[in-house]
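S.K.:
Residue numbers (the working numbering): -11 to 139.
1. Specify the secondary structure class of residue 38 as computed by DSSP and reduced to three states.
2. Does DSSP put residue 125 in a helix, a strand or coil?
3. Measuring alpha carbon to alpha carbon, tell me which of 119, 29, 12 ends up nearest residue 220.
4. Would you check if the distance between the CB atom of residue 26 and the CB atom of residue 134 is smaller than 8 Å?
5. Just to check my reading of the structure: residue -2 and residue 50 have Cβ atoms closer than 8 Å, yes? What is that Cβ distance to the nearest angstrom?
6. What residue range does the beta strand (DSSP E) around residue 106 cover?
7. Taking only the alpha-carbon atoms, compute the straight-line gap between residue 113 and residue 71 and give it to the nearest angstrom.
8. Per DSSP, which residues does residue 54 bridge with? Please list them.
9. Would you kindly work out how many angstroms separate the C-alpha atoms of residue 54 and residue 15, rounded to a whole number?
10. Would a C-beta distance cut-off of 8 Å place residue 35 and residue 5 closer than the cut-off?
Right under this line is the structure:
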């Protein structure tokens, strides 16, 4: 599945991650790269996406796209577009609220479709630097998202 296939109607991009845990900060980093460059709402949810549920529900989105580091057993920097069922199986392993609870709650409150752009981290150790392979992927993803929403 490609990014252009998941941007539908009123779309909200939600970056999740801890900017002090190396590649785990990729969600907020990607939001910073696309915010203001696309005609869709962008939220840096940090490590507490549950704190943004009210704003997400209020917007009545058609699509919510989470962006997060996901351990998928792939090479660092590889990414996958995950559908709702895959998100529920994967979960946000480094964050306070489980993906299941968040998605189930938002599903009950909205008619949105849910996707995640999951990027394989190289390291989630403490430190502010994102690894080179993940930085390269972030640059590519920012371009792909901008192209997808302007197509």
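Just so you know, even glycine gets a beta-carbon here, dropped at the ideal spot from N, CA and C.
Everything numeric in this text was worked out from a predicted model, so none of it was measured.
M.R.: Working from what's here:
1. Reading the chain shown from its first residue, position 50 is the one you call residue 38. In the structure shown, residue 38 sits in a helix (DSSP, three-state: H, G or I).
2. Reading the chain shown from its first residue, position 137 is the one you call residue 125. Three-state result, residue 125: helix.
3. Nothing about residue 220 can be reported from this structure: the residues present for the chain run from -11 to 139 only.
4. Numbered from 1 along the chain shown, position 38 holds the residue referred to as residue 26. Numbered from 1 along the chain shown, position 146 holds the residue referred to as residue 134. Their beta carbons are under 8 Å apart, which means residue 26 touches residue 134 by this criterion.
5. Taking the first residue of the chain shown as position 1, residue -2 is located at position 10. Taking the first residue of the chain shown as position 1, residue 50 is located at position 62. Residue -2 to residue 50, Cβ: 5 Å. Contact.
6. Here the question's residue 106 lines up with position 118 in the chain shown. Where residue 106 is concerned, the enclosing beta strand (DSSP E) stretches over 101 to 107.
7. For the purposes of this step, residue 113 is identified with residue 125 of the chain shown, where counting begins at 1. For the purposes of this step, residue 71 is identified with residue 83 of the chain shown, where counting begins at 1. Their Cα atoms are separated by approximately 27 Å.
8. Start at 1 with the first residue of the chain shown, and residue 54 comes out as number 66. Its beta-bridge partners are 2, 104.
9. As a first step, residue 54 must be located in the chain shown, where it is residue number 66. As a first step, residue 15 must be located in the chain shown, where it is residue number 27. Using only the alpha carbons, I get a separation of about 8 Å.
10. Start at 1 with the first residue of the chain shown, and residue 35 comes out as number 47. Start at 1 with the first residue of the chain shown, and residue 5 comes out as number 17. Yes, these two residues count as a Cβ contact at 8 Å.
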